[in-house]
Amino acid sequence: MIPPALALDDVAFAWPGRGGFSLSCPSFQIAPGERVLLLGTSGSGKSTLLSLVCGVVPATRGRVLVGGTDLGAMSAGGRDRFRAEQIGVIFQQFNLLPYAKVIDNILLPLRFAPHRRARAGGAIHEAARLCAGLGLPEEVLSMPSGRLSVGQQQRVAVARALIGAPPLIVADEPTSALDAATQDHFLRLLFDRTDEAQSALLMVSHDERLAPRFDRVIRLADIVSTERSAA
Amino acid sequence: MILRLAIGSLCARALTVGMTILAIALSVALFLGVEKIRTGARASFADTISGTDLIVGARSGSVQLLLYSVFRIGNATNNVTWESYQDIKSRPEVDWIVPISLGDSHRQFRVMGTTSGFFEHYKYRGGRALEIPVGHGLEDLYDAVIGADVAASLGYAVGDPIVVSHGLASFTAHDDQPFRVAGIIAKTGTPVDRTVIVSLEAIEAIHVDWQTGAKSGQITPREVIRDMDLTPTAITAALVGVNSRLQVFGLQRWINDYPEEPVLAILPGVALQELWQIVGVAETALIGVSAMVVVTALIGMMAMIFSSLNERRREMAIWRAMGARPSTILGLLVLEAMLMAAAGALLGLGFLYLGLVIGQPWVDAAFGIWLPIDPPSLRDVLALGFVIGAAALTSLFPALRAYRLSLADGMMVRI
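From first to last, the protein sequence lines are chains A and B. Residues are numbered in the numbering used here as their position in the first sequence, beginning at 1, plus a constant of 39. Residues are numbered in the numbering used here as their position in the second sequence, beginning at 1, plus a constant of 793.
Here it is as structure tokens:
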């Protein structure tokens, strides 16, 4: 049986020395290739949950499994490497290193992930193919990222997240900086690419209007309980 | 790829990075320049006299004797009598001896009375002899042979008259007995360039009408003077060459024990060493100060990196999200610092050579120090390497802070 793209099992975490913010998540799973929308406002533990999923911080209790691999069993460096190999990340905005060329931005995760680089094949060719699929003209590749429009930058971020087809894509409000028309177009492109790569998509947003387009919609409050103890 | 991104990141902050590089470059140029002038000065001093085994003068310090007899710096405290000079000259060890008489000046240049033996025996820069490409040496009583700088700065040509002033920086002139420029010595890079050379007898001649440092009323006609006995009563110093180098110390001891008069004989090389010991303290201080300027520039760079950290937290988060370890971010910052230092070091080297090309003739003219334009020495390269290494070290402080920030922030920047 194929392991779930993401599985959280009886997870608890507390930020050290940060007003005692803690979070627990008894159970949460994403199937391979599944498209999940996680609805939550800021301050609801969204950032903490994403940090746990991406292995930036280790869970204090329980297990976080990405593609069946327990992040807790790895060292910090191992989790960084694993993130580079297995997870594509898209932020709300400011995704790209503004001084670097678009192509360098897209290839950046491969720098830390040799297997993913091998999966991508001819990396530059693959980057060009992804950009073409995302409606970015080829001459964009050699431009400094800072010169692109916000919408173009978000699409470059999708190309970067999807290069080498990582099994899990984590997107943190990727559409909130876009206007409604561009949002729609962007989501369609994102879904096309994730489907093609057969990657699972975990997208966090506060925008409920997006809900119909996902396989599954979950409210963050339903799977996660947070606590801010007066430390 | 990381190198390319680091360069891109630096270029994106061209103004602040440029200023930092400029500060490092100027400090490096200063440091290397001080070193260049130090070695140049030493070489110039060491090149000034060669082939002379002993310098004889009135008893004083050996450095003082060296400075006033060879470098025309400072004044003799006393003279050596003509009798003592003759006694030394008649020693069997002595191969040649050239008397020197100082004390008068022409404009800002010193006048030196000597014999034609000076042109024969004075050697500089490893045994090179003086050359007189224009005119001739001392033939007539009122002949003057001038150094290249004298000719250049006063615009003298062969045949021009020269009036010698009494003493240094004096308003009384020997205007009754003008000299004539007989020859101009080719540029040597030694104090000879800034000297007016006349015969020993001429020094006597222009002082015939002088009594205890003041002009007496009467004027003796030149024809009368020419017929007088112009043997000097005293000289300032003498350069001595011995027959065999083995005899140098014996002769030196004999001169220093000379019972009739307190005289001093020194070996030029030994006196130079003594001079370096005195100057060494100032040299060390100068090097220390210029090294502190380099340190200041590096601290400036550190402050610049520190202040950029906050605005770069977003960038660090991107690196982290892409799988970069905190140690990669630390390495990135150190790499950027080293690139800045390397650019600064190379630019500083460029400044140094630019400065040398522009300043070389001026320093030579003003101080008589010849600064050679050579490729960087091993010492220079090591210094540049040290600057880059020190930059890496100082950048560790902000880099470690970035390391801790990126550990705490992870992918999510809370601003």
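A virtual CB, placed ideally from N, CA and C, is assigned to each residue, including glycine. Remember, predicted model here, so these are calculated numbers, not experimental data.
Looking at the C-beta of residue i, does it have a partner C-beta in chain A at a distance below 9 Å?
| i | result |
| --- | --- |
| Glu1104(B) | no |
| Thr1121(B) | yes |
| Arg1197(B) | no |
| Ser1100(B) | no |
| Ile795(B) | yes |
| Gly801(B) | yes |
| Ala805(B) | yes |
| Leu798(B) | yes |
Would you report the Cα separation of residue i and residue j, rounded to the nearest angstrom?
| i | j | result |
| --- | --- | --- |
| Phe151(A) | Glu124(A) | 8 Å |
| Ala1031(B) | Leu1147(B) | 42 Å |
| Gly1116(B) | Phe121(A) | 8 Å |
| Glu266(A) | Val179(A) | 45 Å |
| Ala818(B) | Ala1075(B) | 24 Å |
| Ala270(A) | Ser114(A) | Reliability fails at Ala270(A), whose pLDDT of 45 lies under 50, so the model's placement of it is uncertain and the value that follows must be treated cautiously. One C-alpha to the other measures close to 28 Å. |
| Ala220(A) | Gly190(A) | 11 Å |
| Phe1042(B) | Gly1141(B) | 48 Å |
| Tyr917(B) | Val891(B) | 15 Å |
| Thr845(B) | Ser909(B) | 16 Å |
| Tyr915(B) | Ala941(B) | 16 Å |
| Asp211(A) | Val1127(B) | 31 Å |
| Val1088(B) | Leu1039(B) | 50 Å |
| Lys140(A) | Ile830(B) | 46 Å |
| Leu947(B) | Lys980(B) | 15 Å |
| Met182(A) | Val256(A) | 37 Å |
| Val974(B) | Ala944(B) | 9 Å |
| Pro137(A) | Arg186(A) | 8 Å |
| Leu89(A) | Asp254(A) | 20 Å |
| Met905(B) | Ile893(B) | 7 Å |
| Leu241(A) | Leu1132(B) | 40 Å |
| Thr874(B) | Met1021(B) | 20 Å |
| Ile795(B) | Leu1068(B) | 53 Å |
| Val1072(B) | Ala805(B) | 47 Å |
| Gly1182(B) | Leu1189(B) | 11 Å |
| Leu1200(B) | Leu1102(B) | 14 Å |
| Leu858(B) | Pro984(B) | 15 Å |
| Ser86(A) | Val95(A) | 11 Å |
| Ile1080(B) | Ala834(B) | 14 Å |
| Phe972(B) | Val956(B) | 6 Å |
| Gly160(A) | Leu147(A) | 15 Å |
| Asp218(A) | His224(A) | 10 Å |
Just list the residues that DSSP pairs residue i with in beta bridges.
| i | result |
| --- | --- |
| Pro1154(B) | According to DSSP, which records beta bridges pairwise, Pro1154(B) is partnered with nothing at all. |
| Lys829(B) | For Lys829(B), which the question treats as bridged, DSSP gives no partner whatsoever. |
| Arg903(B) | Ser898(B) and Thr988(B) |
| Pro183(A) | Lys140(A) |
| Pro108(A) | As written in the sequence, residue 108(A) is Thr, which differs from the Pro given in the question. Paired residues: Val105(A). |
| Ala1058(B) | Val849(B) |
| Asp211(A) | Val243(A) |
| Tyr917(B) | Arg921(B) |
Please report the Cβ distance between residue i and residue j, rounded to the nearest whole angstrom; I am assuming they are in contact, meaning their Cβ atoms lie under 8 Å.
| i | j | result |
| --- | --- | --- |
| Thr1013(B) | Asp1002(B) | 6 Å |
| Ser264(A) | Ser63(A) | 5 Å |
| Ala44(A) | Leu207(A) | 5 Å |
| Ala196(A) | Ile129(A) | 5 Å |
| Gln896(B) | Gly952(B) | A small fix is needed here, since residue 896(B) is Gly in this sequence, not Gln. Gly896(B) to Gly952(B), Cβ: 26 Å. No contact. |
| Arg158(A) | Ala198(A) | That belief does not hold up - the Cβ atoms of Arg158(A) and Ala198(A) are roughly 15 Å apart, past 8 Å. |
| Gln237(A) | Gly72(A) | 5 Å |
| Arg102(A) | Gly111(A) | 6 Å |
| Val849(B) | Ile1048(B) | 6 Å |
| Arg852(B) | Val1056(B) | 6 Å |
Indicate whether at least one CB of chain B lies closer than 9 Å to the CB of residue i.
| i | result |
| --- | --- |
| Ala152(A) | yes |
| Arg258(A) | no |
| Arg194(A) | no |
| Pro137(A) | yes |
| Glu128(A) | In the sequence as displayed, the identity of residue 128(A) is Val instead of Glu. Cβ-Cβ to chain B under 9 Å: yes for Val128(A). |
| Gly190(A) | no |
| Leu147(A) | yes |
| Phe133(A) | yes |
| Gly116(A) | yes |
| Glu124(A) | yes |
- Check distances from the C-beta atoms of the region 58–69 of chain A to those of chain B and list, in chain order, the residues that come in under 8 Å. none
### Query
According to a CB-to-CB cut-off of less than 7 Å, which residues of the region 73–88 of chain A neighbour chain B?
Ser86
| said: Taking beta-carbon pairs under 9 Å, can you tell me which members of the region 167–186 of chain A lie near chain B? | reply: Pro183 and Gly185
*Quick one, which residues of the region 89–107 of chain A are near chain B if we go by CB-CB under 9 Å, in chain order?*
Leu89, Ser90, Cys93, Val95 and Val96
Members of the region 1108–1135 of chain B near chain A, C-beta cut-off 9 Å: Glu1108, Ala1110, Ile1111, Trp1112, Arg1113, Ala1114, Met1115, Gly1116, Ala1117, Arg1118, Pro1119, Ser1120 and Thr1121
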